[in-house]
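Visitor:
Residue numbers (my numbering): 117 to 207.
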């Protein structure tokens with residue numbers, strides 16, 4: 117069993133038997149998905165990862181759908197399939 121030790125800034129440290137260290141955040145992390153749940157395009161950049169952590173969508177969807185509709189998004193609104201298809205067609 118791994119023994120995680122307290123580290124800095126709300127992180128934990130594990131010393132692997134092969135001599136390297138693993139550092140991770142404490143607590144549950146929200147894991148990103150491979151595909152955006154809104155447009156179903158592969159999320160490949162750190163910007164996609166950041167957008168997913170905030171809004172559960174890729175960076176392009178956050179810019180195209182979330183920010184212009186932020187209050188509606190916070191209340192559960194999501195774009196229609198037609199709106200998403202229109203966005204994909206304009207890429």
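C-beta atoms are modelled at their ideal positions from N, C-alpha and C, and glycine is treated no differently.
1. Need the endpoints of the alpha helix (DSSP H) that residue 198 sits in, please.
2. Can you tell me which of the three DSSP states residue 172 falls into?
3. Do you know how far the Cα of residue 171 is from the Cα of residue 138?
4. Between residue 200 and residue 189, is the Cβ-Cβ spacing less than 8 Å?
5. For residue 119 and residue 130, which I take to be in contact (beta-carbon distance under 8 Å), what is that distance rounded to the nearest angstrom?
6. I need the DSSP call for residue 211, collapsed to helix, strand or coil.
Guide: Reading off the structure:
1. Start and end: 197-205.
2. Of the three classes helix, strand and coil, the one that applies to residue 172 here is coil, per DSSP.
3. Distance between the alpha carbons of residue 138 and residue 171 is about 28 Å.
4. Going by beta carbons, residue 200 and residue 189 fall outside the 8 Å limit.
5. 7 Å between Cβ atoms; contact.
6. No statement about residue 211 is possible, as the shown extent of the chain runs from 117 to 207 and does not include it.
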